[in-house]
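Colleague:
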Amino acid sequence: MDVFDELLRGVRGRGAVFGRSVLCAPWSLRFTDGAYLTLCLPLRGAGWIVPEGGEPLRVEAGEAAVVRGPAPFVFTDDPVGGTGAGR
């Protein structure tokens with residue numbers, strides 16, 4: 147079993163919510179629902195995952211990021227442009 151398998155087996159989900167957003171810069175999505183796993187997948191361009199109190203992580207089109215919760219985070223086009231977590 148690898149680390150990803152362990153992560154998925156350790157989460158006991160009770161439901162799922164799926165959403166799609168079509169956004170133009172500047173954009174920012176703040177996740178505060180306390181989900182244990184969130185999938186961020188930019189279809190074009192790139193985005194930044196900015197966890198509260200953490201370093202931004204760039205996610206390019208074609209890449210996927212699984213964010214482990216339940217702490218809030220922001221998915222944004224500009225990690226320092228006033229749209230990050232706690233700003």
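Under the working numbering, think of the first position of the sequence shown as 147, with each following residue one higher. The C-beta atom is built at its ideal place from N, Cα and C for all residues, glycine as well. In this text the structure is predicted, and so the values were computed from the model without any measurement.
(1) With DSSP as the reference, label Val196 as helix, strand or coil.
(2) I need the DSSP call for Val226, collapsed to helix, strand or coil.
(3) Do Val212 and Pro197 have their CB atoms nearer than 9 Å?
(4) Which of the three DSSP states is assigned to Glu152 in this structure?
(5) Is Trp194 near Phe221, with beta carbons less than 9 Å apart?
Modeller: The short version:
(1) Residue numbering aside, residue 196 sits at position 50 when the sequence shown is read from its first letter. Here Val196 sits in strand by DSSP.
(2) Position 80 of the sequence shown, counting from 1, holds the residue named residue 226. The answer is coil: DSSP assigns Val226 none of H, G, I, E or B.
(3) As a position in the sequence shown, residue 212 is number 66, starting the count at 1. As a position in the sequence shown, residue 197 is number 51, starting the count at 1. No, these two residues do not count as a Cβ contact at 9 Å.
(4) Along the sequence shown, one-based indexing puts residue 152 at 6. Glu152 falls in the helix class under three-state DSSP.
(5) Numbered from its first residue, the sequence shown carries residue 194 at position 48. Numbered from its first residue, the sequence shown carries residue 221 at position 75. Yes, the pair counts as a contact, with Cβ atoms nearer than the cut-off.
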